[in-house]
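Chemist: Numbering (the working numbering), first residue to last: 23 to 318.
Below: one structure in structure tokens.
Below, the structure is given as structure tokens:
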């Protein structure tokens with residue numbers, strides 16, 4: 023992690039650099055604005071707002087995508103408010119304890135890491151659930167709800183869609199995990215939960231689980247038929263696009279149907295029928311049988 027210290031008080035700059043170097047940061051010191059702008063390959067910028075009367079805002083503009091902490095001698099519109107509006111993250115008032123500065127740096131480094139991690143996870147989720155449209159979601163629908171589906175990703179799509187509508191992240195649990203019932207029981211009744219693998223519970227565990235979540239804001243999913251009585255709302259999401267999921271083994275007909283639906287727009291009929299080991303006539307007959315219509 024590279025840190026640029028823009029400070030004309032050399033003793034202060036060297037003291038900061040020494041402390042940060044001890045905990046693993048790679049530091050460079052710039053005594054003026056021109057030097058600060060000569061290289062832009064830094065992760066954190068510690069920027070003094072009192073450098074011999076020089077305009078420091080160009081540094082804020084140049085590093086606005088990085089972490090910028092202002093080192094201020096006094097608080098004013100010019101030294102704090104304007105640079106914060108321009109893209110700086112925070113400020114610290116001189117004189118300050120180096121430990122407090124380190125705490126601020128670590129806070130923003132961790133925050134930026136979490137933002138990037140969350141963005142990557144979100145992109146992966148969107149990619150994984152692409153093409154799964156869940157209709158008629160109403161944030162006023164009561165919770166808990168048991169989602170019965172033949173395709174786990176449909177339940178996942180519903181949970182994420184509802185979470186987005188509520189603007190509230192959920193806490194995830196799989197009922198296949200050991201000791202999970204105790205963890206779910208300890209959750210606050212206001213916490214949004216997404217709980218999968220209801221079908222893995224034993225009969226006695228199901229009754230215990232249903233009692234635990236009856237007053238919780240939970241989305242529960244199962245990929246198998248429900249034999250017991252559920253004391254709250256049950257909804258069903260079915261997909262004709264069923265694929266291998268949770269160890270399922272498809273019938274030959276299910277597999278052929280899935281391949282036709284998902285690959286008929288990627289391959290011409292000649293190639294698709296060859297990959298399935300059937301004739302083009304058989305492919306046409308199977309489309310007719312499954313009521314699959316190829317868009318032109």
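Glycine is no exception: its CB is placed at the ideal position from the N, C-alpha and C atoms.
Flag residue 143 as yes when its Cβ comes closer than 7 Å to any non-hydrogen atom of the ligand MG, and as no otherwise.
Modeler: Judged by which ligands are present, the structure shown has none, so any question about the ligand MG falls away.
Chemist: With three or more C-beta pairs closer than 8 Å as the rule, is the segment 198-206 touching the segment 182-190?
Modeler: Segments in contact, no.
Chemist: To which residues does DSSP link residue 51 through a beta bridge?
Modeler: Numbered from its first residue, the chain shown carries residue 51 at position 29. DSSP output for residue 51 lists 27 as bridge partner(s).
Chemist: From 173, 296 and 304, pick the residue whose C-alpha is nearest to that of residue 261; which is it?
Modeler: Residue 261 sits at position 239 when you count from the first residue of the chain shown. With distances taken between Cα atoms, residue 261 lies closest to 173.
Chemist: Just to confirm, are residue 242 and residue 281 a CB contact at a threshold of 8 Å?
Modeler: Residue numbering aside, residue 242 sits at position 220 when the chain shown is read from its first letter. Residue numbering aside, residue 281 sits at position 259 when the chain shown is read from its first letter. Contact flag unset, no.
Chemist: Could you tell me which of 59, 89, 256 and 164 sits nearest to residue 77, measuring between CA atoms?
Modeler: The residue labelled residue 77 in the question sits at position 55 within the chain shown. Here the closest residue by C-alpha is 59.
Chemist: Start and end of the alpha helix (DSSP H) containing residue 240?
Modeler: Counting from 1 along the chain shown, the entry for residue 240 is found at position 218. Taken as a continuous stretch (DSSP letters only), residue 240 belongs to no alpha helix (DSSP H), being part of the beta strand (DSSP E) at 239-244.
Chemist: Report the three-state DSSP secondary structure of residue 258 (helix, strand or coil).
Modeler: Taking the first residue of the chain shown as position 1, residue 258 is located at position 236. If DSSP states are grouped into helix, strand and coil, residue 258 belongs with the strands.
Chemist: Consult DSSP for residue 115 and reduce its assignment to one of helix, strand or coil.
Modeler: The residue labelled residue 115 in the question sits at position 93 within the chain shown. Correct three-state label for residue 115: strand.
Chemist: Residue 214 to residue 193, Cα distance in whole Å?
Modeler: By one-based count along the chain shown, residue 214 stands at place 192. By one-based count along the chain shown, residue 193 stands at place 171. Near 6 Å, if we compare the C-alpha coordinates of residue 193 and residue 214.
Chemist: Note the first and the last residue of the continuous beta strand (DSSP E) segment covering residue 193.
Modeler: Indexing the chain shown from 1 puts residue 193 at position 171. Its beta strand (DSSP E) spans residues 193-196.
Chemist: Leaving out the 5 sequence neighbours to the left and right, which residues in its chain are closer than 7 Å to residue 286 when beta-carbon positions are compared?
Modeler: For the purposes of this step, residue 286 is identified with residue 264 of the chain shown, where counting begins at 1. Taken in chain order, the residues that qualify are 294 and 316.
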